[in-house]
Amino acid sequence: MLDSIDSHILRRLAQNSRISYTDLAKEVGLSGVAVKERIDRLVNHGIIEQFSIVISAEKLGKKISAYLELEVEPAHLNEIIEALKQNDRVAVLYEMTGPCILHIHILVESIEEMEQFMNESIYSLEGIVRAETQILMKRHKNQDGLNI
């Protein structure tokens, strides 16, 4: 489905989604219009889901990055998901296989704010069987998306 030019375009957009069509065209040996058409096709086929930026949570005061694994009672799963989706502190929410059904990434300013989040937004929810929390110490690699 993808040729080498599409793969190159995807790799470059993953590195820098602001790269111009002109610069991409020079790299792949096509016109800017042809590159735009390829990117439009990748978007229309759902291969590119969105263009986004990466914001430094730490520079905005969110010094604590924590990961939670929640085991929940199946009867309460949907209501727990809906409650967590509405919470601004929740950056990522995944439903997973295995005993920990929900995987959550939260960003908070302090341990005190994390404790408040746990008390008000996790422990208060009906249907939570177990909550396991891990705090990120240091990020060594951060890659969104797929290796093309």
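Residues 74 to 221, numbered by the working numbering, are exactly what the sequence shown covers, in order. C-beta: ideal position from N, C-alpha, C; glycine also. It should be emphasised that the depicted structure is a prediction, and the values quoted were computed from it without experimental measurement.
- Burial of residue 139 is indicated by the presence of at least 16 other C-beta atoms within 10 angstroms of its C-beta.
- Cβ contact annotation for residue 130 (same chain, cutoff 6 Å, sequence separation greater than five): 180, in chain order.
- For residue 82, the CB contacts under 8 Å within the same chain, skipping 5 residues up- and downstream, are 97, 101, 108, 111, 112, 115 in chain order.
- Residue 178: member of the beta strand (DSSP E) spanning 175-181, first to last residue.
- Under a 10 Å Cβ-count criterion, residue 127 is classified as exposed, with fewer than 16 other Cβ atoms of the shown protein chains found around its own Cβ.
- Under the DSSP assignment, residue 207 falls in the beta strand (DSSP E) whose first and last residues are 201-208.
- Remark: C-beta atoms of residue 203 and residue 143 approach each other more closely than 9 Å.
- The distance from the Cβ of residue 174 to that of residue 141 is about 12 Å, inconsistent with a contact at the 8 Å cut-off.
- Counting other Cβ atoms within 10 Å of its Cβ, residue 124 stays below 16 and is therefore classed as exposed.
- With 16 or more other Cβ atoms inside 10 Å of its own Cβ, residue 153 counts as buried.
- Per DSSP, the beta bridge partners of residue 166 are 177.
- According to the DSSP assignment, residue 98 belongs to the alpha helix (DSSP H) that extends over 94-101.
- Counting along the chain, residue 145 sits inside the beta strand (DSSP E) bounded by residues 137-145.
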